[in-house]
Each structure stands twice: as C-alpha cells, then as structure tokens.
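Participant: Quick one: structure below, then a few questions.
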Amino acid sequence: MDYIPELLIPPTSSDYQPITEKEASDLKQLIEGCDYAVSNAELFMETLSKDLSILDGENVRLVLGSEPQVAQLMKSIEAAVEEASIVEARLAAYDEALGRIREVMARVGQKNQAIHTANNNASFLLEQLSAAISQLDIPANYQRILNEAELPGGREELSLAGAALLKAMIAPLPLGLDKLNAVTEQKKRLEKLKTKFSVIVARHLNNLFIHLGNDTGENITSSELILPTHEAVHHELEPYTELMQLLRALDNKAFLQLAKVYRDTMSKLYKRDLKHFFEIAKNKLINKRLQVHASKSSGQKAEDLINPAPMCLLSSEIWPPISEGRFLDSVLDCVLSQMQPVCLAEQAFCISFLQLDSVLTPSNSNEMEETECVNNGAASPGSVTSTASKKLERQVNEEVRGTMSAIFPSLETELNNFIAFLDKVDSFWCMYVLVRLSQHVMSAQDTGSFLSMTFASALIQVKRAFDKFMQAQQQSILTDTKVNRRHKCGILPYVANFGLFAKTAEKIFKHSDRKVDLEKWYTKLVGTIFEAIVIHSKEHHKTPPEVIKMENFHHMYDLLSQVKISVLDQERKEAKQRYQEALRAYVIQYFGRPLEKLNLFFEGVQAKVGAGVKESEISYQMAFSKQELRRVIKEYPAREVKKGLENLYRKVEKHLCEEENLLQVVWREMQGEFIAQYKYIEESVQRCYPDSMVRLEFTTQDILEFFSEIARSH
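Heads up: the sequence shown at position 646 corresponds to 645 in numbering that gives the first Met the number 0, and the numbers run straight through without jumps.
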C-alpha cells in the first residue's frame, strides 16, 4: 500500500459546520439591507437569486483565471508524493536494518545474563567450598593431640582439640556437598579422630573411677555418726567435666557406658558408708539403753543385742518409763541431717558431671514443642512453651532421680530398716520419726530431689505406722482392758495412762506442723475412753458403776484441764458434766433418805393436800395427826442419825479410791442433800403443823457438826 502524506488527506466532513465571523458579518449586513424581506418575500427571493448568479459567474471567472496555478499545484503535489514514497522506502530499509540489530542485541543480553549467573554460581560455590573446608578442617596441632594425647597431663589441650573436633563434626553442610568425595573422606578422618578421642577419655576415666572406688574411706573405722561426703572424689573428677560433655556429644554410647561405671563405682562406696553409718546410729541407741554392755560382741548385728521396747498401750496396767525419746530424736535428727548434704552434693555433682540437666537435645526440644502445637490446636505460643518446659523439667527430674537411685540403691532400704529398728528402742518411735521426718521434708530446698522423694516415701510409711499405733491404742481401750478384781476398782488403766500418753505426745509434737494428725486421734481416743468408762463401770462386782464413772470422769476432767489441749475443750466440758451426773446419781442412790419414815410421812401429807385437804386441816387426819408425827420424829434421835451417817461414811470410804481424793467431795454433796431433806421436813412441819411445837431433835447446825466430826474422825 502506497504511503499518502497526511496533508493530502481531505478533512472529514460533518453534517454541521459553523459559519465564520466574516460570514456572520456579511449575513447580518445582507439582512439589514433587506428590511422589506418580511413584507415582500418574492422581491427578496429575486434579489437573492440575482446576487447568487452574479457570484456564480464571478466564481467561474476566477476558476478559469486560476487554471495554470492549479496545474502547477497538482504537479507540486505529485512531486511531494514521490518524495514521500522515497522517504518511506528509506525508512523501511532503516527499520529492517534496526530489526536485525535488535535481534543481535537481545542475543548479546542473554549471553551477558548467562555469564553473570555463571559468575555468581561460581562465587557462591567457592564460598560454600571454602566454608566447608574451613568447618571440616582441624588444625594439625589438634590432630596431633587427638592422636597422641595422654591423660591426665594433656587434659586442657585435649579439651580444646575435642571442642574443635566436635565443631567440625556438627558443622552444617550445604545440601549436596556431603556427596563430594573430599567431604566424605574428611568425615571418615573425623570419625577416626572421634574414636581416638573417645578411647583416650573413656579409658582414663574408667580407670580413674575404679581407682577412686577402691578408697577405703577415712571415717569407715570411726565411731562418730558422720556420713562421708566423698568431696575428694568430686574434686578429683571435676576437671574432667568438659571432657565428659565432649564425649557425650561425640560418642554418646561411650558416655553412657562411662556413666554406668561411675554409678556402679559410687554405689559400692555409698552402700558401704550407709551400712556403717546406720550401724553406728543403732549402736548409739543401744549403748544408751544398755550403757555399753561389756559382753557385746562386735560381730553381732546391733538389733540382735536388745529386746524390743515394751509396747506402751493405754490399756496396760503399768505404763513403762519413757526416758530415751529425746536421745532417739537427737540421733534421728543427726541421721537425717547427715544424709541431706551428702545426697545433695552428689546430686549437684552428677547434674554437672553427667549433664543430667540436658537430657533433651535442641532438635528434640523443638520437636516436642511442634507436637504440642499440633495437639493443642489453637493454643497460644506461651502456653505451648510453658507445657513443653514443664515436660522437659519433669524428664530432667526423672533422669536425676534415676541416676541417684542407681548411686544410692541401699539408701531407702537402710533408712526403712533403721526406722523399723526404732520400734525396739521406744514405743513412741513413730511419733518422733513422723515429726522429725516431716520437718526435713518441709524444709527441703529441692522438693523434687531424690532425697526428698525418699524421705517423702518413708514419711508415708511412718504416717501409716503412726495411724496403726494410734489404732492399737484405741482398740486396746475396749478390748484389752482388764478391770481389776480388787476391793476397789479405782482409776481404769487407760484413764490413768492417758495423762502420760498425752504429755509425752505433746512434748514430741510441740511446734510441729503434724500436730493436726495427733489432734485428730485425740478426739477419737477420748471419745473411746468415755465410751469404755461406761462399759467397764458395769463389770466390777464391788464398786458401784456410779463411783467408777464419777472417779474416772473426774480424773479425765482434771487431766484435760491440766494439759490444756484446745481441740479437747469440748471433751473436757463433757467429762465435767458426766462426772457431776455420776456424783449426783451416786449420792441419790447411796445416801438415799436417812429420815425415810419422815419423808414417807410427809409424802402422805402431800398426797392428801393434793387430794384437796387443806394444809391447816392435815392434823385432823388420823394417820397424819400431831401425835403420829411426834411418834415418827422420836424414831430419829440425834445420836442414831449421827450413827447412821458414820456407817454411810464408812461405806462411801470403801467405795472410793484414795488417789482420786473424792471422799470429801462426795461427803459434802451428801451433807448438802441431807440439809435439803431436813429443810423440806422443817418447812412441811411449819406449814401443816403450825404452833404445834413439834421439832426434830437436831438442827441444821447439828447436821453440819455431825458431818464435820465424822470427816475429821476418819
């Protein structure tokens, strides 16, 4: 298609073209010159036609006059078109040339980009190879040390070489470089160096462990109650801590085997030490009891040299003396106090030396956290981290306790045997152990430590023994008590023994947090004692039940008032009430009514009054006349009344025991009862027989003198 210059393209026509200003001026002038157009349109049309004809003619003339110019213009246009075609052809040629150049430049750009990429890859590969070489390479002097080192002289140099070896072995390599032959060969050389390092460290420490385990011990022949701490062993091994850490990282199998050798070696030492230590503790208790018996054989076991201590039961007729409790407590405290620093020192050393606080590698720890994230769903990162931390801490504690259990395999057994041995020394042993062991458990700094767990396990057994001991006390009250068949029953054994029991227990549990356990049993024991007093009061054939209850409840009330045990305050009030009830019942039953006939006489009087007879008219009744009253009164002369009271005093004296000293209390109660009956009779005489001048032969003052004289005479 030929190129057409833009100048030759006719303008685009449109339906509407606005007139120019000149045309508008001419049109206005035309209209102004034809004012008649409105009135004479035909004339206006003719005028316009004439003007148009003139204009057409003028146009034709002008066109005919400009024909040469038009021809010249057409030639110029044709020449311009030819020139434009030539220019267009040149432009097309230029464009074709530029197209070829563009393709060449594109290919050049691609080659430049490929060269740049190759250079970058080469540089990156060079960097990675350099890094791999520097990471996997070990200085020659370190290689020489790993091949030729001798312990203990080259310990520090070997540690540095081992650290360099570990750094090379755990160095992260870019993906794919581990397939290179040079890298593979270097790793093989590193493995050989690792094996040599492992052999050097493991052989030396293995021999060192065995050597230290053959220590005879400085205190093994001593009679002092001291448990060796083996700080010398720890001091000897402490410089090798870094080597142990490197060995664990480089050869975990060798590390675990070495750790087992250490545990086995130390367990033999501690077995020997603990056996000797507890034997000394037992001997001290035995010597205190036997006062270093001359015939004691050194080859015998300590517990075979003494008979078990008598069991202190509340039902026992004789309460055995308790004199060794304080010494037992001091020995027990010394034993527990000696064990604590030894176990904690060993635990601290093992955590450092055997890295027990790093049971999880970082990768395992991260895996644990990721697992927690999956299991907990939308759980917050903080809670997931906290849970993982708790699991890690729990696993560390389990690892520590497992190691300590292997090092102290006989500790729990020896401790339990010693605690069981205390049963032969003191019947109250479980109380002493419960208080002292609880104190050590509560004061422990590390509640999750092996020793704390061992103490806690022993404490559970001691608490069971304490409950069993208290149950035996409770059962003995009801089932084992034998009421004596003597003339007087007196204070029952468990009532008499409870005071000593409570005072001993109070001394043991003073200021102890475990006193609440004792107080729970206090209420049970006292409740059982109250129940047993009622039961056993019926079993004595000579002492009235009221006397047995009165004396024993009074004894309990007096005892509870002395010991001032707050938890037994309600029981103290109950004992007082029961004592007073028994006292009143005894007085009513055995004092009775010394003026029986007079009491019957006035009971009849009251019956008549109740039937409607006036008190002032009672004397007119034949059975209740003044003469009949005088006859009855004559039957109770002062001398006979006093004699009857003396007989009653002797009877009461036979019933009551001397140790409780209630005779005067009962006698005063009977005196009050007698005076009350006397006043009742006197008042009845005054009401029903006024002005009769009828009187008893004795007065209230006489009664007081009777009772006082009888009490003094006996």
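Where a beta carbon is used, it is the ideal one built from N, C-alpha and C, also for glycine.
Is it the case that the stretch 622 to 639 contacts the stretch 650 to 659, given that we only count it when at least three CB pairs across the two stretches are under 8 Å?
Facilitator: At 8 Å Cβ cutoff, the stretches do not touch.
Participant: Rounded to the nearest angstrom, how far is the Cβ of residue 476 from that of residue 527, given a contact under 8 Å?
Facilitator: What you label residue 476 is simply residue 477 of the sequence shown in a count that begins at 1. What you label residue 527 is simply residue 528 of the sequence shown in a count that begins at 1. The Cβ separation is near 5 Å, so the contact holds.
Participant: DSSP state of residue 483, grouped into three classes?
Facilitator: Here residue 483 refers to the residue found at position 484 when the sequence shown is read from its first residue. Judged by DSSP in its simplified three-state form, residue 483 adopts coil rather than helix or strand.
Participant: Is the separation between the beta-carbon of residue 164 and that of residue 196 shorter than 8 Å?
Facilitator: Translated into positions along the sequence shown, residue 164 becomes position 165. Translated into positions along the sequence shown, residue 196 becomes position 197. Yes.
Participant: Short of 8 Å in beta carbon distance, which residues of its chain neighbour residue 117, apart from the five on each side in sequence? Order them along the chain.
Facilitator: Within the sequence shown, the letter at position 118 stands for residue 117. No residues qualify anywhere along the chain.
Participant: Assuming residue 680 is part of the alpha helix (DSSP H), what are its boundary residues?
Facilitator: One-based indexing of the sequence shown puts residue 680 at position 681. 662 to 687 is the span of the alpha helix (DSSP H), which, as asked, contains residue 680.
Participant: Could you give the distance in angstroms between the alpha-carbon of residue 700 and the alpha-carbon of residue 662?
Facilitator: Translated into positions along the sequence shown, residue 700 becomes position 701. Translated into positions along the sequence shown, residue 662 becomes position 663. Distance between the alpha carbons of residue 700 and residue 662 is about 21 Å.
Participant: With residue 127 and residue 171 assumed to form a contact (beta carbons below 8 Å), what rounded beta-carbon distance in angstroms separates them?
Facilitator: Against the sequence shown, residue 127 aligns to sequence position 128. Against the sequence shown, residue 171 aligns to sequence position 172. Going by Cβ atoms, the distance from residue 127 to residue 171 rounds to 11 Å, so no, they are not a contact pair.
Participant: Less than 8 Å between CB atoms is the rule here; does residue 252 satisfy it with respect to chain C?
Facilitator: Of the chains in the structure shown, none is chain C; there is only one protein chain.
Participant: So which of 232, 156, 132, 247 has the shortest CA-CA distance to residue 714?
Facilitator: For residue 714 there is no data in the structure shown, the boundaries of the chain being 0 and 713.
Participant: Taking the alpha helix (DSSP H) that residue 335 falls in, what are its first and last residues?
Facilitator: For the purposes of this step, residue 335 is identified with residue 336 of the sequence shown, where counting begins at 1. Unbroken alpha helix (DSSP H) run through residue 335: 324 to 352.
Participant: Where do the N-terminal and C-terminal ends of the alpha helix (DSSP H) with residue 610 fall, by residue?
Facilitator: Within the sequence shown, residue 610 is the residue found at index 611, counting from 1. It spans 595 to 610 - the alpha helix (DSSP H) in which residue 610 sits, taken as one unbroken run.
Participant: Determine the direct distance from the alpha carbon of residue 190 to that of residue 137, and round the result to whole angstroms.
Facilitator: The residue labelled residue 137 in the question sits at position 138 within the sequence shown. The residue labelled residue 190 in the question sits at position 191 within the sequence shown. Cα-Cα distance, rounded: 12 Å.
Participant: I think residue 644 touches residue 705, with their Cβ atoms under 8 Å apart; what is that distance to the nearest whole Å?
Facilitator: On the sequence shown, residue 644 is found 645 positions in, with the first residue counted as 1. On the sequence shown, residue 705 is found 706 positions in, with the first residue counted as 1. Here residue 644 really is in contact with residue 705; their C-beta atoms are around 6 Å apart, less than 8 Å.
Participant: Hey, could you find the ends of the alpha helix (DSSP H) residue 236 is sitting in?
Facilitator: One-based indexing of the sequence shown puts residue 236 at position 237. Run containing residue 236: 230 to 236, per the alpha helix (DSSP H) assignment.
Participant: Tell me the start and end of each unbroken alpha helix (DSSP H) in the stretch 564 to 596 that is at least 4 residues and wholly inside, in chain order.
Facilitator: 568 to 585
Participant: So residue 413 and residue 273 are in contact, right, with Cβ under 8 Å, and what is the actual spacing, rounded?
Facilitator: For the purposes of this step, residue 413 is taken as the residue at position 414 of the sequence shown. For the purposes of this step, residue 273 is taken as the residue at position 274 of the sequence shown. Their Cβ separation, rounded to whole angstroms, is 5 Å, which keeps residue 413 and residue 273 in contact under 8 Å.
Participant: Would you say residue 549 and residue 574 are within 8 Å of each other, going by their C-beta atoms?
Facilitator: What you label residue 549 is simply residue 550 of the sequence shown in a count that begins at 1. What you label residue 574 is simply residue 575 of the sequence shown in a count that begins at 1. No, Cβ-Cβ distance for residue 549 and residue 574 is not below 8 Å.
Participant: Less than 8 Å separating the beta-carbons of residue 262 and residue 405?
Facilitator: Indexing the sequence shown from 1 puts residue 262 at position 263. Indexing the sequence shown from 1 puts residue 405 at position 406. The Cβ-Cβ distance between residue 262 and residue 405 falls below 8 Å.
Participant: At 4 residues or longer, and completely inside the stretch 408 to 489: list those alpha helix (DSSP H) runs for me, N to C.
Facilitator: 410 to 424, 428 to 441, 449 to 474
Participant: How about residue 353 and residue 243: are their beta carbons less than 8 Å apart?
Facilitator: One-based indexing of the sequence shown puts residue 353 at position 354. One-based indexing of the sequence shown puts residue 243 at position 244. In this structure, residue 243 lies closer than 8 Å to residue 353 by Cβ.
Participant: Between residue 400 and residue 332, is the Cβ-Cβ spacing less than 8 Å?
Facilitator: On the sequence shown, residue 400 is found 401 positions in, with the first residue counted as 1. On the sequence shown, residue 332 is found 333 positions in, with the first residue counted as 1. For residue 400 and residue 332, no; Cβs fall outside 8 Å.
Participant: Just curious, the alpha helix (DSSP H) that residue 640 is in, first and last residue?
Facilitator: Here residue 640 is taken as the residue at index 641 of the sequence shown, counted from 1. That run of the alpha helix (DSSP H) goes 637 to 654.
Participant: Using the beta-carbon count (16 or more within 10 Å), is residue 646 buried or exposed?
Facilitator: Your numbering for residue 646 matches position 647 in the sequence shown. The residue is exposed, with fewer than 16 neighbouring Cβ atoms inside 10 Å.
Participant: Hey, residue 450 and residue 432 are a contact pair by Cβ (cut 8 Å); roughly how many whole angstroms apart?
Facilitator: Here the question's residue 450 lines up with position 451 in the sequence shown. Here the question's residue 432 lines up with position 433 in the sequence shown. 16 Å between Cβ atoms; not a contact.
Participant: Identify whether residue 694 lies in helix, strand or coil by the three-state DSSP scheme.
Facilitator: Counted from its first residue, the sequence shown places residue 694 at position 695. Residue 694 falls in the coil class under three-state DSSP.
Participant: When the distance is taken between beta carbons, is residue 277 closer than 8 Å to residue 500?
Facilitator: Locating residue 500 in the sequence shown gives position 501, where the first residue counts as 1. Locating residue 277 in the sequence shown gives position 278, where the first residue counts as 1. Result no, Cβ atoms of residue 500 and residue 277 do not sit closer than 8 Å.
Participant: Helix, strand or coil for residue 620 per DSSP?
Facilitator: Counted from its first residue, the sequence shown places residue 620 at position 621. In this structure, residue 620 counts as coil in the three-state DSSP scheme.
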